[in-house]
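In terms of the working numbering, the sequence shown opens at residue 6 and continues consecutively. First comes the structure, then the notes that go with it.
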Amino acid sequence: MNTEANSTPKRSTFRHDASAGLVLGLQSVPDGLATGLLAGVNPLAGLYGYMVGTVSGAFSTSSSFMAVQGTGAMAMLVADVAVLRESSSPSRALVTLSVLTGIAMLVAGLLKLGSMLRFVSNAVMVGFINAVGVNIVLGQLANLTGYSADGPNRVVRAVNTFLHPGLLDGRTLAVGLCTVALIVVLERTPLRSLGLVVAVIATSASVHLLGWEQVATLNDLGVTLSGLPRPELPLLSVVPALLVPAVSLAFVGLVQGAGISANFLNADGTYPDPSRDFLGQGVANVASGLLQGMPVGGSVSASALNKEAGAGSRWSLVVASIVMAVVVVGFGSVVGQVAMPALAGLLILIGIRTVKPADMASVWRTGPVQKAVLAVTFLLTMVIPLQYAVLAGVGLSVLLHVVRQSNQVTVRRQV
6 MNTEANSTPK
16 RSTFRHDASA
26 GLVLGLQSVP
36 DGLATGLLAG
46 VNPLAGLYGY
56 MVGTVSGAFS
66 TSSSFMAVQG
76 TGAMAMLVAD
86 VAVLRESSSP
96 SRALVTLSVL
106 TGIAMLVAGL
116 LKLGSMLRFV
126 SNAVMVGFIN
136 AVGVNIVLGQ
146 LANLTGYSAD
156 GPNRVVRAVN
166 TFLHPGLLDG
176 RTLAVGLCTV
186 ALIVVLERTP
196 LRSLGLVVAV
206 IATSASVHLL
216 GWEQVATLND
226 LGVTLSGLPR
236 PELPLLSVVP
246 ALLVPAVSLA
256 FVGLVQGAGI
266 SANFLNADGT
276 YPDPSRDFLG
286 QGVANVASGL
296 LQGMPVGGSV
306 SASALNKEAG
316 AGSRWSLVVA
326 SIVMAVVVVG
336 FGSVVGQVAM
346 PALAGLLILI
356 GIRTVKPADM
366 ASVWRTGPVQ
376 KAVLAVTFLL
386 TMVIPLQYAV
396 LAGVGLSVLL
406 HVVRQSNQVT
416 VRRQV
């Protein structure tokens, strides 16, 4: 899709690409596991999605620096898909969801719908993304505290947790909070982006050194890395039930990816083609699904990290995937020792940083209509399954566009 994607690595940029790819690859290992945990699926599905999505996107998107990985918003949406938990084969149901998401993205790319995203209301996106940030925090309280509260949604379960402080596990909570503090401190050192890797490793190692056996690890979930992922076929019987979640995932992934297309110039100074980026993300999702990975999309944070680390071309993304593969093959036994509250702490920090009060305040001051749309989108995202909140947001965006257009209509008198 892009001539650069089919070229060999350039000698002038490969040293920078290798360095950036090493940073992105190492950072993506705990981030991928955490995203899988956030999605409520096998954490390895998150790591596989990162590994396969990154290299597939590198060769198929128009954008030179777009890292196609799991995102917090997409992970939260996956977590609300009940079919994945109720299916007779959850792993194949996830394969099906990823492939369907990819097909939806491919259709959007073939229809060149990239220009249509300008109709998406800013109030809708601000309300949705901020609510997702809050949901990320609330959704990880069980892993952070060691207490799984009951309740029909995350808000009720969070209230239940705070009402029962005596049921929290102090050691589990200490590991999670120490992880958050360590990440914040290490980000101010030369380690920077690798600080989260060091923090997760350090706190997980401390669990074993201190003999805190009650602190849960990935091994307790039955997570074992035995090598690279093997191909797996979709489960056709769950296709009808997964169509709405797949379309919603595709929409969220494409909107986030469009932000990368608009803000990250290619290595040759040109702007990426959003519709071709849609196609690339579709290819990445199909590949991710068939290799047991969760749905993926353009990740703003990973793309920014890739660029800030000195990437000179899309080959940095290839290096990042190779680094992830080396970790999977060479250090698989270590991955199972990662402490659950350490990953929960990482996710809670991500959730807190996703919430942007300044953006919400800016929309709130725009006017009564935008204020109402922001509030409705935020509340819906907090209390109903995210796939339906996304569709409601799309409907609100269409309605707002119609209202704006009708206000611009002028009547001319014919003489």
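The C-beta atom is built at its ideal place from N, Cα and C for all residues, glycine as well.
Next on the checklist: Quick check on residue 66: does DSSP put it in helix, strand or coil?
Outcome noted: coil
Next on the checklist: For residue 316 and residue 22, I'd like the C-alpha separation in whole angstroms.
Outcome noted: 5 Å
Next on the checklist: In whole angstroms, give me the CA-to-CA distance for residue 101 and residue 372.
Outcome noted: 42 Å
Next on the checklist: Cutting at 6 Å between CB atoms, please list the residues of its own chain near residue 115, excluding the five before and the five after it.
Outcome noted: none
Next on the checklist: Tell me the rounded alpha-carbon separation between residue 175 and residue 313.
Outcome noted: 38 Å
Checklist entry - So what does residue 74 bridge to, in DSSP terms? => result 302
Next on the checklist: Only counting the same chain, and skipping five residues up and downstream in sequence, which positions put a Cβ closer than 6 Å to that of residue 133?
Outcome noted: 382, 386, 398
Next on the checklist: Three Cβ pairs or more, each shorter than 8 Å: is that satisfied between the region 260-276 and the region 59-75?
Outcome noted: yes
Next on the checklist: Once the 5 residues before and after residue 410 are set aside, which same chain residues still bring their CB inside 6 Å of it?
Outcome noted: Answer for residue 410: no residue qualifies.
Checklist entry - Between 167, 171, 221, 142, which lies nearest to residue 185 when the distance is taken from Cα to Cα? => result 142
Next on the checklist: Please report the straight-line C-alpha distance between residue 135 and residue 380, rounded to a whole angstrom.
Outcome noted: 11 Å
Checklist entry - If you drop the 5 nearest sequence neighbours on each side, which residues of the same chain put their C-beta closer than 8 Å to that of residue 89? => result Cβ neighbours of residue 89 beyond the five flanking positions: 45, 46, 83, 95, 98, 99, 102.
Checklist entry - Between which two residues does the alpha helix (DSSP H) containing residue 387 stretch? => result 373-388
Checklist entry - What's the gap between the Cα of residue 235 and the Cα of residue 64? => result 21 Å
Checklist entry - Which class does residue 222 belong to by DSSP, given the choice of helix, strand or coil? => result Note: residue 222 maps to strand in three-state DSSP.
Checklist entry - With burial defined as no fewer than 16 other Cβ atoms inside 10 Å of the residue's Cβ, what is the status of residue 274: buried or exposed? => result exposed
Next on the checklist: Buried or exposed, going by whether 16 or more other CB atoms sit within 10 Å of the CB of residue 67?
Outcome noted: Classification for residue 67: buried.
Item to check | For residue 344, three-class secondary structure by DSSP | outcome: strand
Item to check | Cβ-based neighbour list, residue 11, same chain, cut-off 7 Å, excluding 5 preceding and 5 following | outcome: Reliability fails at residue 11, whose pLDDT of 48 lies under 50, so the model's placement of it is uncertain and the value that follows must be treated cautiously. None.
Checklist entry - First and last residue of the alpha helix (DSSP H) that includes residue 110? => result Counting along the chain, the alpha helix (DSSP H) containing residue 110 begins and ends at 95-115.
Checklist entry - Can you give the Cα-Cα distance for residue 166 and residue 172, rounded to whole angstroms? => result The straight-line gap from Cα to Cα measures roughly 8 Å.
Checklist entry - Do residue 86 and residue 279 have their C-beta atoms closer together than 9 Å? => result no
Checklist entry - Applying the criterion that 16 or more other CB atoms from any shown protein chain within 10 Å of the CB defines a buried residue, is residue 296 buried or exposed? => result buried
Next on the checklist: Let's test the definition: count the other Cβ atoms within 10 Å of the Cβ of residue 119 and tell me whether it reaches 16, buried, or not, exposed.
Outcome noted: buried
Item to check | Reduced DSSP secondary structure (H/G/I, E/B, other) of residue 170 | outcome: Helix, per DSSP.
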